[in-house]
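Here the structure comes first, spelled out in structure tokens, and everything after it is commentary.
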Ligand code: NAD
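Numbering (the numbering used here), first residue to last: 6 to 264.
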């Protein structure tokens, strides 16, 4: 059987990097794609150096390439899909993982902040799916995995923009699952719980050190630990491989969210 090819957005670090490694270990070719801008958000995003070092470190697990991508830009999305198909001869799995977090009280939260967050977390999923759909239709066993969140299942104070964006990702997932089912393309969402990435350490719980974060998660999460990028990789590979599963939004949250 030919190797499947997966394109993972936001793959320079964090959950995207973990997902990319799991797809390589499961025998896929992988293109990681990232804004790689470093600055430009409320906390530091993945950098060019991280994109390059992730690609070179993941090469130990299989054939991996890297490209720059801005998911808010349709041309850039088309170019990333082309980079994957040119490198590997096709595209079988799209993982829409690129995302940003922001929080704050509604009174202080500007419309500009709202638009920028929605451009990445929501429009980015739409633009990438649109850019990839022709290649996915041509594949034998195609899947889209959208990284939503448990914040797409339940609202949280000071998180209207982020939760709203992740509820939108679940809605887009269900709609595309129905629309693309006749083409044999499965579309699912993965809802991570709490993974100790930059989102937590540099923004949501920037006041806590790594040990305090882990302790807080041990108290909160029924299975007694924060989630890991490996947990997300395992679930993403499952969702991209299960032949009769489409339209689900799977919590990987140690029992913290069950809805
Ligand atoms: P992260 O900040 O470590 O990684 C996100 C990556 O996306 C970064 O490398 C960043 O450079 C990239 N990115 C940002 N804007 C982009 C753009 N316009 N185009 C392309 N790439 C862009 O964060 P993470 O925790 O690994 O988050 C990955 C995904 O998981 C996000 O969608 C996030 O909302 C979701 N998520 C995370 C958690 C968690 O606990 N960390 C929980 C639920 C959901």
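Where a beta carbon is used, it is the ideal one built from N, C-alpha and C, also for glycine.
State the CB to CB distance for the pair residue 189 and residue 226, rounded to an integer number of angstroms; the pair is presumed to be in contact (CB under 8 Å).
-> About 36 Å separates the two Cβ atoms, so there is no contact after all.
Beta bridge counterpart(s) of residue 196 as assigned by DSSP = Per DSSP, 256.
Is it the case that the CB of residue 51 approaches a heavy atom of the ligand NAD more closely than 6 Å?
-> Within the cutoff, so yes.
Which residue or residues does DSSP assign as beta-bridge partners of residue 10?
-> The bridge partners DSSP lists for residue 10 are 34.
When 193, 170 and 168 are compared against residue 180, the one with the closest alpha-carbon | Measuring from the Cα of residue 180, the nearest candidate turns out to be 193.
For residue 99, which residues does DSSP report across the bridge?
-> Residue 99 pairs with 12 and 149.
Return the CA-CA distance between residue 14 and residue 66, expressed in angstroms with no decimal places.
-> Between residue 14 and residue 66, the C-alpha separation is close to 18 Å.
Given 8 Å as the limit, is there contact between the stretch 141-152 and the stretch 240-248, that is, 3 or more CB pairs closer than that?
-> As far as the Cβ criterion goes, the stretch 141-152 touches the stretch 240-248, which means the pair count is three or higher.
Where does residue 26 land, buried or exposed, given buried means 16+ other C-beta within 10 angstroms?
-> It counts as buried.
Have a look at 8, 244 and 129 and flag the residue whose alpha-carbon is nearest the alpha-carbon of residue 174.
-> The shortest Cα separation from residue 174 among 8, 244 and 129 belongs to 129.
In or out: residue 133 buried (at least 16 other Cβ within 10 Å) or exposed?
-> With 16 or more neighbouring CB atoms inside 10 Å of its own CB, residue 133 falls in the buried class.
Provide the residue span of the beta strand (DSSP E) that contains residue 72, from first to last.
-> Counting along the chain, the beta strand (DSSP E) containing residue 72 begins and ends at 69-73.
Name the residue from 78, 80 and 92 whose alpha carbon lies nearest to the alpha carbon of residue 8.
-> Residue 92 is the option with its Cα nearest to residue 8.
Under the criterion of a Cβ to heavy atom distance below 6 Å, does residue 74 qualify as lining the ligand NAD?
-> The answer is yes for residue 74.
Quick one: what's residue 232 bridged to in DSSP?
-> DSSP lists 200 as partners of residue 232.
Between which two residues does the alpha helix (DSSP H) harbouring residue 167 extend?
-> It spans 165-185 - the alpha helix (DSSP H) in which residue 167 sits, taken as one unbroken run.
Straight-line CA distance for residue 251 to residue 234?
-> Those two C-alpha atoms are separated by around 22 Å.
Contact test: residue 37 Cβ vs the ligand NAD heavy atom, cutoff 6 Å = No; taking the cut-off as 6 Å, the Cβ of residue 37 has no heavy atom of the ligand NAD nearer than that.
Whether residue 155 touches residue 262 by CB criterion (7 Å) | Between residue 155 and residue 262, the gap from beta carbon to beta carbon is short of 7 Å.
Would residue 231 pass as a contact of residue 222 if the rule is Cβ separation under 7 Å?
-> Yes, they are a contact pair.
Any non-hydrogen atom of the ligand NAD closer than 6 Å to residue 170 Cβ | Flag unset: Cβ of residue 170 not near the ligand NAD.
Since I believe residue 171 is in contact with residue 126 (beta carbons under 8 Å), could you give me their beta-carbon distance rounded to a whole number of angstroms?
-> That pair is a contact at about 7 Å.
Which residue's Cα is closest to the Cα of residue 50: 185, 20 and 24?
-> Among 185, 20 and 24, the Cα nearest to that of residue 50 is on 20.
Between which two residues does the alpha helix (DSSP H) harbouring residue 80 extend?
-> Following the DSSP letters along the chain, one finds residue 80 inside the alpha helix (DSSP H) bounded by residues 79-93.
Reference residue 209, options 260, 256, 161 and 39, closest by Cα = With respect to the C-alpha of residue 209, the residue from 260, 256, 161 and 39 having the closest C-alpha is 161.
Is the closest heavy atom of the ligand NAD to the C-beta of residue 102 under 6 Å?
-> With a cutoff of 6 Å, residue 102 counts as near the ligand NAD, since its C-beta is closer than that to a heavy atom of the ligand.
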